[in-house]
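Take a look at the structure below.
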Amino acid sequence: MRLRALLDAGLPGIRLLTGEDELDRAVRGVMTTDLNDPSRYLSGGELVLTGMLWRAAPDDSEHFVRLLIGAGAAGLAAGITEVGSVPDDLVEACERHRLPLFRVDEELSFARLTEFVVRRVSTERASDL
């Protein structure tokens, strides 16, 4: 599946904040994390879902995004339930590194978003057989 499918599906509560030129990136899986360094658990092509609990200071955003880029993440979806909004420093870090960033509102659970991605990826893989 392509990142673009997240917007095309009309899911409630998801909005692209940056990375419109990168929406044709392939998504091979999904991972939810609030680890400071999730890179060892990524194999490339994941949509990373986060509640941003790893962010204690503005500089943390640059570090986190660099790690995701280095691990080959396809995109980042930031849930605002716990922190209220996506901080500007995270948007700026994603812009600098060309990592698509989505805001996920409370109305869209990570479970529902994960299920959507897994079903789409599985369906596309099955049709390739």
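The numbering of the sequence shown is the numbering used here, which starts it at 1 and goes up by one.
We put the beta carbon where it would ideally sit given N, CA and C, even for glycine.
Cβ-based burial, residue i [other Cβ within 10 Å; buried from 16]
| i | result |
| --- | --- |
| G44 | exposed |
| A71 | buried |
| P38 | buried |
| R96 | exposed |
| R55 | buried |
| E46 | buried |
| V27 | buried |
| V117 | buried |
Under the three-state DSSP convention, the category residue i falls into
| i | result |
| --- | --- |
| R74 | Before going on, a small fix: residue 74 reads as Ala here, not Arg. Three-state DSSP puts A74 in coil, outside helix and strand. |
| E46 | strand |
| T81 | coil |
| T114 | helix |
| L16 | strand |
| T32 | strand |
| V65 | helix |
| A86 | Going by the sequence as given, residue 86 is Val instead of Ala. If DSSP states are grouped into helix, strand and coil, V86 belongs with coil. |
| L101 | strand |
From the options, residue whose alpha carbon lies closest to that of residue i
| i | options | result |
| --- | --- | --- |
| T50 | D21, E82, E20, G72 | E82 |
| G84 | V30, V121, L53 | L53 |
| V48 | P58, L67, R125 | L67 |
| D59 | D21, E92, R119, V117 | E92 |
| R4 | P12, E20, G13 | E20 |
| T123 | E107, L99, G29 | G29 |
| E107 | G13, L7, R2 | G13 |
| R40 | F64, P87, S127 | F64 |
| L23 | F102, D34, N36 | F102 |
| I69 | V86, P87, P100, D88 | P100 |
| A73 | D88, G10, R98 | R98 |
Heavy atom of the ligand SAM within 7 Å of residue i beta-carbon
| i | result |
| --- | --- |
| A78 | The ligand content of the structure shown is nil, which means the ligand SAM is not present either. |
Pair within 8 Å by beta-carbon distance, residue i and residue j
| i | j | result |
| --- | --- | --- |
| G79 | F110 | yes |
| S61 | L16 | no |
| C94 | T18 | yes |
| A126 | V104 | no |
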